[in-house]
Amino acid sequence: MIIFPDCRPVSRPMGVAVARIQVLAESVFRKIAAGEVVERPLSVVKELVENAIDAGAGEIAVAMLSGGKEMIRVEDNGCGFGAAEIEIAFQSHSTSKLVELEDLDRLLTLGFRGEALPSILEVADIDLDTADNNEGRGWHCRFRGGRMLEKKQVSCRRGSAVTVQQLFANFPVRRKFMKSDQGEMRPVAAFLENAALARPTIAFSLQHNGRTVFSYPAAANLSERIYQVFGKEFLDDLRPVDFTSGHFSLNGFISAAQTGVSGKGRQFFMVNGRPVKEKTLLAAFNNTYQPYLEKTRSPVGVLHFNVPPSQIDVNIHPMKLEIRFLDSQRVYQFLQQAIDATLGRPPRPQAVAFNEFSQPATVNGPVSGIDTTAAEAP
Ligand SMILES: Nc1ncnc2c1ncn2[C@@H]1O[C@H](COP(=O)(O)OP(=O)(O)OP(=O)(O)O)[C@@H](O)[C@H]1O
Ligand SMILES: [Mg+2]
Numbered sequence: 390m391i392i393f394p395d396c397r398p399v400s401r402p403m404g405v406a407v408a409r410i411q412v413l414a415e416s417v418f419r420k421i422a423a424g425e426v427v428e429r430p431l432s433v434v435k436e437l438v439e440n441a442i443d444a445g446a447g448e449i450a451v452a453m454l455s456g457g458k459e460m461i462r463v464e465d466n467g468c469g470f471g472a473a474e475i476e477i478a479f480q481s482h483s484t485s486k487l488v489e490l491e492d493l494d495r496l497l498t499l500g501f502r503g504e505a506l507p508s509i510l511e512v513a514d515i516d517l518d519t520a521d522n523n524e525g526r527g528w529h530c531r532f533r534g535g536r537m538l539e540k541k542q543v544s545c546r547r548g549s550a551v552t553v554q555q556l557f558a559n560f561p562v563r564r565k566f567m568k569s570d571q572g573e574m575r576p577v578a579a580f581l582e583n584a585a586l587a588r589p590t591i592a593f594s595l596q597h598n599g600r601t602v603f604s605y606p607a608a609a610n611l612s613e614r615i616y617q618v619f620g621k622e623f624l625d626d627l628r629p630v631d632f633t634s635g636h637f638s639l640n641g642f643i644s645a646a647q648t649g650v651s652g653k654g655r656q657f658f659m660v661n662g663r664p665v666k667e668k669t670l671l672a673a674f675n676n677t678y679q680p681y682l683e684k685t686r687s688p689v690g691v692l693h694f695n696v697p698p699s700q701i702d703v704n705i706h707p708m709k710l711e712i713r714f715l716d717s718q719r720v721y722q723f724l725q726q727a728i729d730a731t732l733g734r735p736p737r738p739q740a741v742a743f744n745e746f747s748q749p750a751t752v753n754g755p756v757s758g759i760d761t762t763a764a765e766a767p
């Protein structure tokens, strides 16, 4: 698992503790997958929570009113914004996480486009309370109508609280397409549950309309976090995985043989700390499990992959929901070996062994013999 440093992580320049927020050169931002990033309350929560994680937070508290339609607040105890950086951070294409395109090959942060804050500001009002020091010297900033209206010195603890209100107030069509309060809240809870499994050592909490939906204290390790989220019985059916091959490593928990659950809703894959939905992983996971489980059961997995950043492409989709492995064939085989090594290899017909395939498994379509459709998330 990647352990982020205590302050804003940098991929470059190396050796500098805190990277400055800068506007990307046009030649760089034109090559970054950008576009619509704010569609609903979930998108706002996702972007703000990812920022909090990148800021090195040890505690992230999310509060919402009316499914996030009235208010979303994400509070963290991360590195905070420097006074001079706040205005820049809300400009398009400004980021502290990337300077040139090659930095994507070294990327250890969730963000890199410099798009999230300006995109949220386009469709909502924002209040920011932040301090980048432990002396309580902080700032309160009020953004209305896309502009900063007020910036005043206040006393606050190190970290940031971003409060988003009036989401889509000036976009009645988008507002109309929002679901009921519960309908907007549920995917936020699911996203945070996944984030909590991706970062066990960070405390996460969610409040909705003043009621605590969940509160997970910082866990010592992944098994403690799984216990917090799903309970003891769930954890009892899992086996620890710890597997390394070359520069790829994997750790986490998977279903013991002859257990499993109904449906594929409990399969969580994290690549370099980023929760992903990736077809090769889903296919390898579910296909490999076939000899270990009854036909009606699906495997559970909470799996953290660590791969060299140069082996994945995260610059595919503006919302960064997808990644692509450079060598998906190797990834398929790697996961298969890890599962077999953990559960004890079952008799596997040669035809299912991955190295028999002449075509690599791609994320764009099934490869003969690999049932990628069977592996789609529910
Ligand atoms: N909670 C936070 N604490 C400290 N700094 C933050 C926080 N949120 C944002 N920042 C700073 O503001 C910058 C802009 O944030 P923004 O989310 O717009 O872009 P990004 O995270 O760099 O890229 P992406 O658009 O992919 O999320 C970040 O690069 C970071 O330096
Ligand atoms: Mg961001």
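Each residue of the sequence shown is one higher than the last, beginning at 390 in the working numbering. For every residue, glycine included, the Cβ atom is placed at its ideal position computed from N, Cα and C. If you're wondering where the values come from, they're calculated on a predicted model, not measured in any experiment.
Would you mind giving the Cβ-Cβ distance between residue i and residue j, rounded to the nearest angstrom? I have them listed as a contact below 8 Å.
i: Ala441; j: Val427; result: About 17 Å separates the two Cβ atoms, so there is no contact after all.
i: Gly535; j: Glu511; result: 6 Å
i: Thr803; j: Ser644; result: Residue numbering for the chain in the displayed model covers 390 to 767; residue 803 lies beyond these limits and cannot be assessed.
i: Gly456; j: Gln571; result: 7 Å
i: Cys530; j: Glu539; result: 7 Å
i: Ser638; j: Asp494; result: Wrong, their Cβ atoms sit about 18 Å apart, outside the cutoff.
Under a three-way DSSP split, which group does residue i fall into?
i: Arg547; result: coil
i: Gln748; result: Unreliable placement is indicated for Gln748, whose pLDDT of 36 sits below 50; the coordinate value is still reported in the next sentence. The answer is coil: DSSP assigns Gln748 none of H, G, I, E or B.
i: Ala768; result: Nothing can be reported for residue 768: it is not among the residues displayed for the chain, which extend from 390 to 767.
i: Arg614; result: helix
i: Leu639; result: strand
i: Asn466; result: coil
i: Met567; result: coil
i: Gln507; result: For the record, residue 507 in the displayed sequence is Pro; it is not Gln. Correct three-state label for Pro507: helix.
i: Arg600; result: strand
i: Thr677; result: helix
i: Ile591; result: coil
i: Pro430; result: helix
i: Ala742; result: Below a pLDDT of 50, predicted positions are generally treated as unreliable, and Ala742, at 44, falls in that range; no measurement from the model is reported.
i: Ile477; result: helix
i: Asp716; result: coil
i: Gln772; result: Because the chain here runs from 390 to 767, residue 772 falls outside it and cannot be looked at.
i: Lys709; result: coil
i: Thr519; result: strand
Mind checking whether residue i and residue j have CB atoms under 8 Å apart?
i: Asp521; j: Arg547; result: yes
i: Val451; j: Val433; result: no
i: Ser544; j: Thr519; result: no
i: Ile615; j: Arg502; result: no
i: Gly662; j: Ala587; result: yes
i: Ser612; j: Ser604; result: no
i: Leu365; j: Val720; result: Given a span of 390 to 767 for the chain in the structure shown, any question on residue 365 remains unanswerable.
i: Asn629; j: Asn610; result: The sequence given here places Pro at residue 629; Asn does not occur at that position. Not closer than 8 Å, so no.
i: Asn648; j: Ile728; result: In the sequence on display, residue 648 carries Thr and not Asn. Going by C-beta atoms, Thr648 is not nearer than 8 Å to Ile728.
i: Ala585; j: Gln555; result: no
i: Pro697; j: His636; result: yes
i: Ala607; j: Gly447; result: yes
i: Glu573; j: Ile509; result: no
i: Leu413; j: Leu487; result: yes
i: Ala444; j: Gly467; result: yes
i: Glu476; j: Met537; result: yes
Count the other CB atoms, across all protein chains shown, that sit within 10 Å of the CB of residue i; report buried if there are 16 or more and exposed otherwise.
i: Ala408; result: buried
i: Glu489; result: exposed
i: Thr498; result: buried
i: Pro688; result: buried
i: Glu582; result: buried
i: Gly733; result: exposed
i: Gly690; result: buried
i: Phe566; result: exposed
i: Gln542; result: exposed
i: Arg713; result: buried
i: Asp465; result: buried
i: Val577; result: buried
i: Glu667; result: buried
i: Asp631; result: exposed
i: His693; result: buried
i: Ala478; result: buried
i: Glu745; result: Any answer about Glu745 is weak, because its pLDDT of 35 lies below 50 and its placement is not dependable; what the coordinates show is given next. It is exposed - the Cβ of Glu745 has fewer than 16 other Cβ atoms within 10 Å.
i: Gly500; result: buried
i: Ala742; result: For Ala742, the pLDDT reaches just 44, beneath the cut-off of 50, and the residue's location in the model is therefore unreliable, leaving the point undetermined.
i: Asn675; result: buried
i: Pro398; result: Caution is warranted here: a pLDDT of 40 is assigned to Pro398, below 50, making its placement in the model unreliable, and no coordinate value can be reported.
Which residue's Cα is closest to the Cα of residue i: the options?
i: Gln718; options: Ser699, Ala673, Val696, Thr731; result: Ala673
i: Thr552; options: Gln725, Ser634, Met460; result: Met460
i: Leu715; options: Lys709, Glu573, Val703; result: Val703
i: Glu474; options: Phe418, Trp528, Phe619, Pro664; result: Trp528
i: Leu496; options: Pro507, Leu506, Thr484; result: Thr484
i: Thr633; options: Phe723, Gly620, Ser569; result: Phe723
i: Arg526; options: Phe623, Phe532, Gly469; result: Gly469
i: Ile449; options: Gln656, Ala592, Leu710, Arg563; result: Ala592
i: Asn559; options: Glu415, Leu627, Arg533; result: Arg533
i: Ala579; options: Arg563, Gly599, Phe619; result: Phe619
Is there a Cβ from chain C that is less than 8 Å from the Cβ of residue i?
i: Asp518; result: No chain C is part of this structure, which consists of one protein chain only.
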